[in-house]
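Before any comments, here is the structure.
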Amino acid sequence: MISQERVEEEICRLYKEAVIKLPEDVKNALEHAFEIEDDETALLNLKAILDNIKAAEEMNIPLCQDTGLPIVFVKMGRVEVENLKEGIVKGVEKATGEVPLRPNVVDPLTRQNTGNNSGRFIPQIDLELVDNDELEITIFPKGFGSENNNALKMALPGEGEEGIKQFVLDTVLKAGGKPCPPIVVGVGIGGSSDMALKLAKKALLRKVGEHHPEERMAHLEEEMLKMVNATGIGPMGLGGKTTALDVKVEYADTHTAGLPIGVCIQCWAARRATGILKTE
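Below, the structure is given as structure tokens:
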């Protein structure tokens with residue numbers, strides 16, 4: 062059995078890793094954006110971002126003051142786990158005190174802060190059952206400077222691929238510099254309204270530069286990335302070649318009468334950390 066204590070420790074470890082050290086694929090993409098840029102303002106902004114990333118690692122502190130809403134993606138195989146939910150909650154609370162994390166979780170109406178980043182239905186847990194002998198946990202701290210720019214459209218089937226591309230472009234244009242670009246754009250297509258947005262968020266878990274395994278979806282990703290970068294919004298919304306580091310698509314089959322489209326925007330601090338626990 063995987064004990065609750067092991068889950069707590071792994072959650073705490075992963076949260077610390079996620080908020081302090083940016084994944085290599087994201088850092089590489091930001092460095093590439095700096096290398097190809099020729100706008101002076103954009104270069105200044107990208108240099109500040111890269112310096113910030115380096116300082117966070119050297120000083121062992123979070124790279125952004127917004128350490129996010131705790132979102133946890135779990136892939137559960139044929140393993141027995143002791144109090145999985147409790148382990149996740151306690152692990153987030155432990156990380157809040159030890160990293161430390163900014164306490165971000167509040168009542169949606171009274172705005173009273175819980176003080177420990179847990180609350181009603183928070184941490185947000187996504188559970189997927191898989192066919193292996195492991196428990197895979199991914200911490201995805203989601204800052205709300207970017208989250209506030211997400212969008213959903215219940216499009217009509219006739220709008221098709223062109224309608225999808227236009228909605229993604231409109232969403233990015235409306236967001237402008239608010240989500241701290243260069244951004245990563247997650248696009249969820251199909252399912253129901255809530256599933257489209259969940260797919261968009263899960264798309265962000267894939268590495269920057271990693272294309273969808275289906276050629277038609279990979280082509281759509283490439284087209285939308287070119288469209289987004291052609292806007293010239295640029296780093297921090299002040300102009301430049303790189304508005305987005307990548308566009309990621311995930312999809313599900315849907316109802317014959319609908320075409321749900323979810324867009325989830327991630328800031329340049331595309332933080333995530335994954336760990337695997339096995340039965341001892």
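Going by my numbering, the first residue of the sequence shown is number 62, and it counts up by one from there.
Cβ coordinates follow ideal geometry from the N, Cα and C atoms, glycine included.
(message) Measuring only the C-alpha atoms, how far is F182 from R139?
(response) Numbered from 1 along the sequence shown, position 121 holds the residue referred to as residue 182. Numbered from 1 along the sequence shown, position 78 holds the residue referred to as residue 139. If you draw a straight line from the Cα of F182 to the Cα of R139, it is about 25 Å long.
Note down the Cα distance separating K302 from L162, rounded to an integer number of angstroms.
-> As a first step, residue 302 is located in the sequence shown; it is residue number 241 there, counting from the start. As a first step, residue 162 is located in the sequence shown; it is residue number 101 there, counting from the start. Each residue's Cα considered, the two are about 33 Å apart.
Practice item. Taking F95 as the reference, give the member of R333, A291 and G295 with the closest Cα. Key: Here the question's residue 95 lines up with position 34 in the sequence shown. Checking every option, the nearest Cα to that of F95 belongs to G295.
Exercise for review: Whole angstroms is fine: what's the gap from V246's alpha carbon to K115's?
Suggested key: The count along the sequence shown starts at 1 and reaches residue 246 at position 185. The count along the sequence shown starts at 1 and reaches residue 115 at position 54. Taking the straight line joining both Cα atoms gives about 24 Å.
Review point. Between K235 and Q327, what straight-line distance do the alpha-carbon atoms span, to the nearest angstrom?
Key: As a working mapping, residue 235 is identified with position 174 in the sequence shown. As a working mapping, residue 327 is identified with position 266 in the sequence shown. Going by the C-alpha atoms only, they are around 15 Å apart.
task = Round the Cβ separation of Y76 and V160 to the nearest angstrom and send it over; I've been treating them as touching at under 8 Å.
result = Looking up residue 76 in the sequence shown gives position 15. Looking up residue 160 in the sequence shown gives position 99. Between V160 and Y76 the Cβ distance is about 7 Å, and since that is below 8 Å, they are a contact.
Requested in this report: State buried or exposed for N193, treating a residue as buried only when at least 16 other CB atoms are found within 10 Å of its CB.
Outcome: Within the sequence shown, numbered from 1, the residue matching residue 193 stands at position 132. By the neighbour-count rule (16 or more Cβ atoms within 10 Å), N193 is not buried but exposed.
Practice item. Could you tell me how far apart the beta carbons of S254 and P169 are, in whole angstroms, since I believe they sit closer than 8 Å? Key: Residue numbering aside, residue 254 sits at position 193 when the sequence shown is read from its first letter. Residue numbering aside, residue 169 sits at position 108 when the sequence shown is read from its first letter. About 19 Å separates the beta carbon of S254 from that of P169, a gap too long to meet the 8 Å contact definition.
* Asked: Once you ignore the five residues that flank A305 on each side, which residues in its own chain have a CB closer than 8 Å to its CB?
  -> Here residue 305 corresponds to residue number 244 of the sequence shown, with the count starting at 1. Answer for A305: V233, P242, P243, I244, V245, V246, L286, V289 and N290, listed in chain order.
Practice problem: List the residues that DSSP assigns as beta-bridge partners of M215. | Solution: For this step, residue 215 is matched to residue 154 along the sequence shown. Assignment of beta-bridge partners to M215 by DSSP yields P321.
- [ ] Between the Cα of T335 and those of G298, V310, K136 and K146, spot the shortest distance and give me the residue it belongs to.
- [x] Here residue 335 refers to the residue found at position 274 when the sequence shown is read from its first residue. For the residues G298, V310, K136 and K146, the minimum Cα distance to T335 belongs to K136.
| query | Three or more C-beta pairs closer than 8 Å, one from the stretch 308-318 and one from the stretch 257-274: is that the case here? | reply | Taking 8 Å as the limit for Cβ pairs, the verdict is that the stretch 257-274 does touch the stretch 308-318.
In the DSSP assignment, what residue or residues form a beta bridge with M137?
Here the question's residue 137 lines up with position 76 in the sequence shown. DSSP, once it has assigned bridges, lists L190 and L196 as partnering M137.
Practice item. Give a yes or no on whether the C-beta atoms belonging to A261 and G323 are separated by under 9 Å. Key: As a first step, residue 261 must be located in the sequence shown, where it is residue number 200. As a first step, residue 323 must be located in the sequence shown, where it is residue number 262. Yes, they are a contact pair.
Nearest to K239 by alpha carbon, out of A216, N211, I200 and V229?
As a first step, residue 239 must be located in the sequence shown, where it is residue number 178. For K239, the closest of A216, N211, I200 and V229 by C-alpha to C-alpha distance is N211.
#### Entry: G158 versus R333: straight-line alpha-carbon distance, rounded
Taking the sequence shown and counting its residues from 1, one reaches residue 158 at position 97. Taking the sequence shown and counting its residues from 1, one reaches residue 333 at position 272. Rounded to whole angstroms, G158 to R333 spans 19 Å at the Cα level.
> For I250, which three-state DSSP category applies?
Replying inline: The residue given as residue 250 occupies position 189 in the sequence shown. Three-state DSSP puts I250 in a strand.
Next item on the list: Starting from T232, follow the alpha helix (DSSP H) in both directions and report where the run begins and ends.
Entry: On the sequence shown, residue 232 is found 171 positions in, with the first residue counted as 1. G221 to A236 is the span of the alpha helix (DSSP H), which, as asked, contains T232.
| Got a sec? Which residues, its chain only, sit under 7 Å from L188 by beta carbon, not counting five neighbours each side? | By one-based count along the sequence shown, residue 188 stands at place 127. Hits under 7 Å: V135 and M137.
What separation, rounded to the nearest whole angstrom, lies between the Cα atoms of L104 and M297? Here residue 104 corresponds to residue number 43 of the sequence shown, with the count starting at 1. Here residue 297 corresponds to residue number 236 of the sequence shown, with the count starting at 1. Rounded to whole angstroms, the gap between the alpha carbons of L104 and M297 is 11 Å.
Task: Range of the contiguous beta strand (DSSP E) that encloses E311 - done: In the sequence shown, residue 311 corresponds to position 250, counting from 1. Secondary structure note for E311: its beta strand (DSSP E) is the uninterrupted segment A305 to T315.
TODO: Tell me whether the beta-carbon of L111 lies closer than 9 Å to the beta-carbon of I337.
DONE: What you label residue 111 is simply residue 50 of the sequence shown in a count that begins at 1. What you label residue 337 is simply residue 276 of the sequence shown in a count that begins at 1. Annotated as distal: L111 and I337, with beta-carbon spacing of 9 Å or more.
Along the alpha helix (DSSP H) that carries A109, what are the first and last residues, could you check? On the sequence shown, position 48 is the one that residue 109 refers to. That run of the alpha helix (DSSP H) goes E101 to M120.
For A156, name the three-state secondary structure that DSSP assigns.
Within the sequence shown, residue 156 is the residue found at index 95, counting from 1. Of the three classes helix, strand and coil, the one that applies to A156 here is helix, per DSSP.
| request: Might you give, ordered along the chain, the residues of its own chain that have their beta carbon closer than 6 Å to the beta carbon of D100, omitting 5 neighbours on each side? | output: Translated into the one-based positions of the sequence shown, residue 100 becomes position 39. So the list reads G300 and G301, once near-sequence residues are dropped.
According to the neighbour-count rule (16 or more other Cβ atoms, all chains shown, within 10 Å of its Cβ), is N178 buried or exposed? Position 117 of the sequence shown, counted from the first residue, corresponds to residue 178. Per the 10 Å Cβ criterion, buried.
| Which residue or residues does DSSP assign as beta-bridge partners of Q185? | Here residue 185 is taken as the residue at index 124 of the sequence shown, counted from 1. Paired residues: I132.
**Asked** Taking DSSP as the reference, what is the three-state secondary structure of Q126?
**Response** Residue mapping note: residue 126 aligns to position 65 of the sequence shown, counting from 1. It is coil, neither helix nor strand.
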